[in-house]
Every structure is written in C-alpha cells, then in structure tokens.
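So the structure is just underneath, and the comments pick up after that.
Number of protein chains: 2
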Amino acid sequence: MLENSHKTITCATCKVRQDSLFAQFCDDNLKHLDDHKACSYHKKNQALFLEGSYPRGVYCINEGKVKVYSRGDNGKEQIIHIAKGGEVVGFKAMFSGDPYNVSAETLEESNICFIGKEDFLTMMDTNPILRNGVMSELSKELSHRADMITAMSQKSVRERVAYSLALLNDIYEEDEINLTREDLANFVGTATETLIRLLKDLKDENVLEIHGRKLKVTDKKGLYKIAGLH
Amino acid sequence: MLENSHKTITCATCKVRQDSLFAQFCDDNLKHLDDHKACSYHKKNQALFLEGSYPRGVYCINEGKVKVYSRGDNGKEQIIHIAKGGEVVGFKAMFSGDPYNVSAETLEESNICFIGKEDFLTMMDTNPILRNGVMSELSKELSHRADMITAMSQKSVRERVAYSLALLNDIYEEDEINLTREDLANFVGTATETLIRLLKDLKDENVLEIHGRKLKVTDKKGLYKIAGLH
DNA sequence: ATTAAAATATGATTTTGGTCATCTTTAATC
DNA sequence: GATTAAAGATGACCAAAATCATATTTTAAT
C-alpha cells in the first residue's frame with residue numbers, strides 16, 4: 001500500500017508538481033486547483049478511461065505509473081505511452097470533441113487526482129500559463145509520436161526493444177523497469193516470445209540485468225547505440 | 231502549370247478555405263489574414279521546411295499536395311502525412327519551442343500561402359475561433375498518430391498497404407492516387423519492391439486499377455476489409 | 001500450505017518481408 | 001529525336017520474427 005494512499009494531496013506541497021502542467025502556478029491558481037480536484041487511490045490494473053468513451057476530465061498522477069494504449073484489429077494492445085508521477089493524462093483528446101481512441105490503466109497502485117473537464121477548460125481559458133503548457137505538451141507529444149511511427153516502421157524488433165528500454169529507463173528513473181513481459185512486448189510492438197529472447201540477448205551482451213521481471217539497464221550507452229539513438 | 235499560379239489568392243474567395251483552420255473567420259479576420267499572408271507558387275519537390283530547423287510560420291495549401299516526413303536512422307524517409315488543399319502545415323510543432331522533427335516538401339506544383347509565426351501566434355492570442363481550431367486539430371492529429379503507431383506495429387505490410395491506400399484515397403478525393411512507388415513505400419513503411427508486389431496482388435484481386443504510376447481504388451469496401459478498417 | 005492460474009521461458013517450424021541482382025519502361029535532358 | 005537517368009518491375013535468396021507447442025517458474029487464491 002502506498003504511504004499516502006489515505007491522504008488528500010495538497011497541490012502547493014505536491015512533490016511532483018514541478019514536473020507537471022501546474023509547475024508555474026501561483027498560489028491563487030494552486031488554491032483553485034485544490035478546490036476543484038479529487039484525489040483517489042487506485043489499485044493496480046484499474047482503468048482510468050476507455051477507448052470510445054468521451055473525456056470527462058484529466059488525471060494528474062501523484063504516484064504510480066499509468067499505461068496509455070490502443071487496441072489493434074485483433075484486440076492486441078499497443079502501448080503508446082507510460083506516464084509517471086507528475087504527468088497529466090487524458091487531456092490530449094479533450095479538444096477535438098471526439099471520444100478517446102486510447103485507454104488508460106494503472107500499472108501499479110497509484111495516487112491520482114482528478115479534475116473535471118469543465119473546470120479544466122475554464123482554467124485553460126483564464127490561465128495563459130496552463131494554456132501554453134498544454135499547447136507545448138501537445139506539440140511535444142506530436143513530435144514524439146512522429147518519432148514512434150518512424151521507429152515502428154523502420155527499426156528491427158531488436159532495435160525497437162533497445163529503443164523502448166531507453167525510453168522506459170528514463171520513465172522509471174532510479175527504479176528498475178517493472179512491467180510484465182507482455183506489456184513490454186505490447187510497448188515494443190512484438191510477440192512476447194520474441195521480446196523474451198531479445199532481452200536475453202541484451203543480457204548476454206551486458207547491456208541489461210534481469211532480476212525476475214525487473215530490468216536494470218547497466219550500459220546505457222550501449223543500449224542507445226543498439227537503439228539507434230544519438 | 232497551375233492556372234492561378236501567378237495570382238495572389240484572396241482568403242474571402244479561396245475555394246478551399248472552408249476546409250481550413252480559417253473556415254469560420256469573419257470578414258475582419260479574413261482581411262487581417264489577407265494583409266499578413268504571402269502567396270507563392272512552388273514547383274514540385276520543393277522543401278517548405280526541414281527537420282531540425284525552427285518554425286518560422288505556417289503554410290496554408292491553396293492547391294497541390296505536400297508530404298510531411300521524418301527520416302529514420304539510415305536516412306530513409308517515413309512519410310507521416312500527405313496534406314492537400316485547405317490544410318495548414320507547419321503549426322503543430324510551433325508551440326513547444328523545439329525545432330521541427332519532420333520536414334515538408336511539395337509533391338506537385340502548388341500554390342501555398344505563408345503566414346509568419348509572430349502573426350499567427352498573435353492571431354491565436356486574439357482569436358478564440360482560431361485557437362479552438364488549432365487545439366482541435368492538435369487533438370485529432372494525436373489520435374491519428376496513435377492509430378498509425380498501432381497500425382505500423384501490428385498490421386502486416388499487406389494490411390498497411392491497404393490501410394495507406396484507404397487514407398490516400400480520401401486525400402486524393404476524386405483524383406487517382408499519384409505518388410512515386412518509393413514515396414508510397416515510404417508512407418507504408420516498407421521496401422519499394424515489396425510495395426510493388428503487393429500493389430499487383432491488390433490489382434489481381436480487383437481492388438485496384440494501376441494506370442502507370444497512378445492508382446485508382448475500384449473496390450473501396452474490399453480495400454477497407456483488407457486494411458482492417460470498419 | 002496447497003492448488004490453480006498466470007507469467008516466463010525455450011525449442012521447432014513456418015511465414016513474411018527485406019535484400020540483391022537484373023531487366024524493362026518511363027521520363028528528363030541535351 | 002537520341003541519349004541518359006530515373007522509376008518501375010520481377011526473380012532468387014536469406015534473415016528476421018511470428019506462430020505453435022510445451023515446459024517451467026512465479027504469483028494469486030482458497
């Protein structure tokens with residue numbers, strides 16, 4: 001159980017706020033945010049929203065990890081992104097009037113604050129800091145997805161495994177990467193068996209340590225080279 | 231040569247404006263736009279902007295097609311999008327402060343109007359219609375790119391050829407799809423030889439007619455089925 | 001603690017699609 | 001219009017990765 005799972009988080013003292021859309025908020029803004037958010041504890045594997053549903057608000061992750069994924073024809077998951085503490089999830093599709101075409105689900109037990117769509121949009125209207133932050137985020141994510149498309153289409157599966165591990169290594173920061181092999185395969189876009197074999201290759205090449213399900217990158221430079229990064 | 235290649239387009243009477251970000255502009259807005267835009271004729275295969283450069287403004291396509299692409303590790307192009315008349319290109323990366331990670335280049339001779347970054351951003355600040363249009367567009371494009379990532383990762387090349395042709399069929403509307411085999415392969419994300427073989431298969435299945443380089447979809451329903459759409 | 005179920009791992013086999021080589025056709029240039 | 005270059009097409013071959021089968025380990029549930 002998370003240490004603060006029973007508490008309501010106060011935005012002003014939230015440890016991950018500096019990484020979030022609300023980093024530059026003034027005291028008044030933070031007060032407003034506190035008054036309009038709802039904190040809640042989520043177990044592992046709980047859905048935040050589902051593909052096909054309409055956005056009802058945004059989810060600010062205080063602690064935990066959330067996978068954002070879409071489903072292909074056969075129902076197979078493609079993980080588009082894994083969000084960590086400080087990230088706000090669920091706002092990117094809010095401005096088109098269309099339903100979500102991705103789903104979001106916790107990967108670990110998590111503390112997540114919810115802000116309703118109306119409140120969020122009002123804040124965006126009245127707060128240029130938030131508006132600019134949102135625009136910047138949308139822009140960055142579009143760039144990132146263009147990179148993903150190119151990577152998916154041109155890299156070999158081995159390269160994509162390295163590429164994905166490089167991304168995940170940043171997301172998990174000091175922690176070891178902790179995903180099921182299936183989730184990792186769904187992030188890489190390959191079969192679970194192939195992923196497992198390629199992980200072992202990387203281990204044999206001393207790029208990676210495998211501790212049960214947890215993965216520790218031991219040669220970041222080597223990993224980047226295989227991934228075709230830098 | 232395009233018929234109006236020597237003329238300056240007037241926004242108020244621009245035939246493709248109803249498809250653009252500026253569709254809902256009032257007369258004053260249109261006047262302002264006219265005063266701050268520069269129309270120009272572009273030959274085939276002319277670059278509008280390049281990966282790595284900083285956005286200097288936006289490009290509103292009056293007539294012609296523009297490919298937006300990124301380059302993979304080996305320099306191979308991945309075409310992310312093909313823009314047609316009415317589309318505004320080059321604004322999606324403008325809000326992050328980062329350089330473009332895609333390039334844009336005309337595929338045909340084209341008439342394109344340019345609006346400088348400062349002017350465009352000022353319009354966005356003062357014009358909620360434009361702002362909402364931009365936000366909506368960013369949202370929609372993010373959804374579309376999530377779909378692309380999933381398609382690239384999970385569909386077979388044959389399915390991706392059909393998927394790409396379905397997208398292109400909408401883009402080329404009443405016209406036949408007119409791309410080099412190489413560009414089409416770079417859109418699908420495959421080798422040119424593989425693309426050519428698969429086009430022939432689709433022709434043999436009476437889904438497609440091949441008229442030299444031009445492609446005509448004759449069985450849209452069949453194409454969609456192969457693509458895994460609907 | 002025991003059992004059941006899920007996740008991880010490995011081998012064998014097949015399929016897909018990329019690469020290389022070569023040839024033909026079309027388009028561009030002088 | 002002739003020449004050259006670029007684009008399109010086809011065959012042969014090979015490597016990468018998916019699939020299928022099955023075994024082992026870990027985790028969850030009773």
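These protein sequences, in sequence, are chains A and B. Be aware that the first sequence starts at 1, since it is given in this note's numbering, and climbs by one per residue. Be aware that the second sequence starts at 231, since it is given in this note's numbering, and climbs by one per residue. Backbone N, C-alpha and C define an ideal beta-carbon position, used for all residues, glycine too.
Length of the line joining the Cα atoms of residue i and residue j
{"i": "residue 423 (chain B)", "j": "residue 72 (chain A)", "result": "26 Å"}
{"i": "residue 323 (chain B)", "j": "residue 330 (chain B)", "result": "6 Å"}
{"i": "residue 457 (chain B)", "j": "residue 184 (chain A)", "result": "26 Å"}
{"i": "residue 23 (chain A)", "j": "residue 17 (chain A)", "result": "5 Å"}
{"i": "residue 104 (chain A)", "j": "residue 54 (chain A)", "result": "13 Å"}
{"i": "residue 266 (chain A)", "j": "residue 412 (chain B)", "result": "Any property of residue 266 (chain A) remains undetermined from this structure, which presents chain A solely from 1 to 230."}
{"i": "residue 373 (chain B)", "j": "residue 152 (chain A)", "result": "17 Å"}
DSSP three-state assignment for residue i, whether helix, strand or coil
{"i": "residue 456 (chain B)", "result": "helix"}
{"i": "residue 404 (chain B)", "result": "coil"}
{"i": "residue 239 (chain B)", "result": "coil"}
{"i": "residue 193 (chain A)", "result": "helix"}
{"i": "residue 126 (chain A)", "result": "helix"}
{"i": "residue 316 (chain B)", "result": "coil"}
{"i": "residue 254 (chain A)", "result": "Look at the range of chain A in this structure, 1 to 230, and you will see that residue 254 (chain A) is not part of it."}
{"i": "residue 363 (chain B)", "result": "helix"}
{"i": "residue 326 (chain B)", "result": "coil"}
{"i": "residue 387 (chain B)", "result": "helix"}
{"i": "residue 295 (chain B)", "result": "coil"}
{"i": "residue 371 (chain B)", "result": "helix"}
{"i": "residue 150 (chain A)", "result": "helix"}
{"i": "residue 51 (chain A)", "result": "coil"}
Beta-carbon neighbours of residue i, restricted to chain B and to distances below 7 Å
{"i": "residue 150 (chain A)", "result": "300, 302 and 308"}
{"i": "residue 208 (chain A)", "result": "Going along chain B, no residue has its Cβ under 7 Å from residue 208 (chain A), so there is no contact; the nearest lies around 21 Å."}
Per-residue contacts from residue i into chain A (C-beta, under 8 Å)
{"i": "residue 397 (chain B)", "result": "In chain order: nothing, as chain A lies at least about 13 Å away."}
{"i": "residue 325 (chain B)", "result": "132, 135, 136, 138 and 139"}
{"i": "residue 372 (chain B)", "result": "92, 93, 138, 141, 142 and 145"}
{"i": "residue 328 (chain B)", "result": "139, 140 and 143"}
Within 8 Å, strictly: CB atoms of residue i and residue j
{"i": "residue 149 (chain A)", "j": "residue 378 (chain B)", "result": "yes"}
{"i": "residue 346 (chain B)", "j": "residue 443 (chain B)", "result": "no"}
{"i": "residue 266 (chain B)", "j": "residue 349 (chain B)", "result": "yes"}
{"i": "residue 96 (chain A)", "j": "residue 250 (chain B)", "result": "no"}
{"i": "residue 195 (chain A)", "j": "residue 188 (chain A)", "result": "yes"}
{"i": "residue 209 (chain A)", "j": "residue 216 (chain A)", "result": "yes"}
{"i": "residue 310 (chain B)", "j": "residue 332 (chain B)", "result": "yes"}
{"i": "residue 392 (chain B)", "j": "residue 70 (chain A)", "result": "no"}
{"i": "residue 455 (chain B)", "j": "residue 154 (chain A)", "result": "no"}
{"i": "residue 280 (chain B)", "j": "residue 289 (chain B)", "result": "no"}
{"i": "residue 258 (chain B)", "j": "residue 241 (chain B)", "result": "no"}
{"i": "residue 165 (chain A)", "j": "residue 223 (chain A)", "result": "yes"}
{"i": "residue 312 (chain B)", "j": "residue 432 (chain B)", "result": "no"}
{"i": "residue 234 (chain A)", "j": "residue 91 (chain A)", "result": "There is no way to answer for residue 234 (chain A), as the model of chain A reaches only from 1 to 230."}
Interface residues of chain A facing residue i [CB-CB closer than 7 Å]
{"i": "residue 383 (chain B)", "result": "78, 152 and 189"}
{"i": "residue 458 (chain B)", "result": "73"}
Proximal chain B residues relative to residue i, where beta-carbon distance stays under 8 Å
{"i": "residue 101 (chain A)", "result": "373, 376 and 377"}
Item to check | Cβ contact check for the segment 103-115 of chain A and the segment 35-46 of chain A: 3 or more pairs under 8 Å | outcome: Yes, since at least three Cβ pairs between the segment 103-115 of chain A and the segment 35-46 of chain A fall closer than 8 Å, the two stretches touch.
Checklist entry - Should the segment 77-87 of chain A be called in touch with the segment 116-134 of chain A, which here means at least 3 C-beta pairs below 8 Å? => result Under the 8 Å Cβ criterion, the segment 77-87 of chain A does not count as touching the segment 116-134 of chain A, having fewer than three qualifying pairs.
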